[in-house]
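Below: the structure, in structure tokens.
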Amino acid sequence: MDESAVGARATTGFVSGLLCSARRERKVAIRSEAGPSFSAASASLGQISRRAVIAGGASVLVCSTAMAAAAPDAKKEEKEEVVLYVKAGQDGKSLGDCPFSHKVNMALRMKDLDGNTLRVEPVNMQDKPEWFLKLSSKGSVPVLQMDEIVVADSEEALNKLDERFSPAVMPAPGASSDAERVVSQVFPAFVEYLKCDDDSDLPNKKDALNSALAAVNSHLASSAQPYMCGDAMSSLDCNLAPKLYHIQVAAAHYRQYEIPRELDALLAYMQRVFASDAFQRSAYSPDEVIWGWSKFF
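As structure tokens, this is what we get:
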């Protein structure tokens, strides 16, 4: 096995290890479909599996870390429930693999919700309920709901979150043009490579993906900063990290692809961002990623 394969396999092991360890002892509260009552459930997520982010046949996940301490009755009415509707996993209930939902979910974990409740609700995209189609006319996720505000676009959702909660995750205008450019090239190149049904064209698609990743690597190396836009994570990291996760898992599974070892700045970035609290608290299992792309194979 050559050095590139060893390095890439080490990164794969690192990702799996992080996702298997980060959620130990975290507690979640679950609301069943039958009614509005809540019950506490201790979810030991030592191994992220198909049931990694949901428990007991329930359909709604409420993150206890976002729950505020009890407040005086007069102030309770001022708080709101922030709801993020996301793609459900293979069981129709747990957290699914949509990278765009993951993007908003990550950003929410970076926010100080000031005592407001965060609820992440998976929606079965194979059998979309009528109430969801009324909420989102296109029937797509993610959908962010805050009081009367309903946003069905991931980028617009981040802007709305910045208007309502701190700290801001959107980069300052004009401060991220190169980062935005290189990030925008990654997912299209990955999708074309993964979905390519012409074996003779696969090497070209692989080269295009490698080039897109190399551009990100060059940006990170030249900026000498830990994240895409500086010393702190921003919306661009929330955008890029889930897509790199899909590449790490799905391209390896379906194309036996490994990120070139020489992209050392990118590999270090992946370790850093995958280890972040925001990523860990919003991630789904590798099995969900593999299942999500299985329809093309």
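Take the sequence shown: its position 167, counted from the start at 1, is 165 in my numbering, and no numbers get skipped.
All C-beta atoms, glycine included, are put in the ideal place defined by N, C-alpha and C.
None of these values were measured; they are calculated from a predicted model.
Same chain, Cβ closer than 7 Å to residue i, five either side skipped, listed in chain order
i: asparagine 122; result: Ala86 and Gly90
i: histidine 251; result: Ile288
i: alanine 155; result: Val102, Pro140, Leu142 and Val149
i: histidine 100; result: Pro240 and Ser280
i: serine 274; result: Met231
i: alanine 177; result: His217, Met226, Cys227 and Leu234
i: asparagine 208; result: Pro258
Span of the alpha helix (DSSP H) around residue i
i: isoleucine 288; result: 284 to 291
i: leucine 142; result: Looking at the DSSP string, leucine 142 is not in any alpha helix (DSSP H); the run it does join, the beta strand (DSSP E), is 141 to 144.
i: proline 127; result: No alpha helix (DSSP H) holds proline 127; DSSP gives it neither H nor E.
i: lysine 136; result: Premise fails: lysine 136 is in no alpha helix (DSSP H) and is neither H nor E.
i: serine 280; result: Premise fails: serine 280 is in no alpha helix (DSSP H) and is neither H nor E.
i: lysine 101; result: 97 to 107
Inter-residue CB distance, residue i and residue j (contact presumed, cutoff 8 Å)
i: leucine 192; j: tryptophan 291; result: 6 Å
i: cysteine 227; j: leucine 234; result: 6 Å
i: leucine 111; j: phenylalanine 163; result: 6 Å
i: histidine 244; j: proline 97; result: 6 Å
i: valine 247; j: proline 186; result: That pair is no contact at about 18 Å.
i: phenylalanine 277; j: methionine 104; result: 6 Å
i: glutamine 88; j: glutamate 286; result: 7 Å
i: leucine 106; j: leucine 82; result: 6 Å
i: phenylalanine 188; j: alanine 249; result: 7 Å
For residue i, the first and last residue of its enclosing beta strand (DSSP E)
i: lysine 77; result: Unbroken run through lysine 77: none, as it is neither H nor E.
i: leucine 116; result: 115 to 121
Whether residue i touches residue j by CB criterion (7 Å)
i: aspartate 145; j: tyrosine 282; result: no
i: leucine 218; j: alanine 263; result: yes
i: arginine 117; j: glutamate 79; result: yes
i: alanine 210; j: glutamine 183; result: yes
i: arginine 259; j: proline 224; result: no
i: glycine 113; j: lysine 136; result: no
i: glutamate 322; j: lysine 204; result: The shown model of the chain, from -1 to 295, leaves out residue 322, and the question about it has no answer.
Close Cβ partners of residue i (< 6 Å) along its chain, the five nearest in sequence each way excluded
i: asparagine 215; result: Leu261, Ala263 and Leu264
i: serine 42; result: Any reading at serine 42 needs caution, since the residue's pLDDT is 31, under 50, leaving its predicted position unreliable; the model's value is listed next. So the list is empty, once near-sequence residues are dropped.
i: proline 165; result: none
i: lysine 73; result: Summary for lysine 73: the model assigns pLDDT 44, below 50, so the residue's position carries little reliability; its value from the coordinates is reported in the next sentence. For lysine 73, where only same-chain residues beyond five positions count, there are no Cβ hits under 6 Å.
i: phenylalanine 130; result: Val121
i: methionine 268; result: Leu242
i: serine 152; result: Phe98, Lys101, Val102 and Pro140
Cβ-based neighbour list, residue i, same chain, cut-off 8 Å, excluding 5 preceding and 5 following
i: isoleucine 147; result: Lys158
i: aspartate 229; result: Gln223
i: serine 138; result: Ala150
i: methionine 168; result: Leu156, Asn157, Asp160, Ser232 and Ser233
i: lysine 126; result: Gly137
i: leucine 181; result: The displayed chain sequence assigns valine, not leucine, to residue 181. Within the same chain, valine 181 has close Cβ partners Val214, Met226, Leu234, Asn237 and Leu238.
i: cysteine 194; result: Leu200 and Lys203
heavy atom of the ligand GTP below 6 Å from residue i C-beta
i: leucine 82; result: Absence of the ligand GTP is noted for the structure shown, with no ligands found whatsoever.
Any C-beta of chain E under 7 Å from that of residue i
i: valine 118; result: Chain labels in this structure do not include chain E; a single protein chain is all it has.
* Asked: Which runs of the alpha helix (DSSP H), 4 residues or longer, sit entirely within the segment 216 to 275?
  -> Listed in chain order, they are 233 to 244, 250 to 253 and 262 to 272.
* Length at least 3, wholly inside the segment 150 to 226: the beta strand (DSSP E) runs in chain order -> List check, beta strand (DSSP E) in window: nothing returned.
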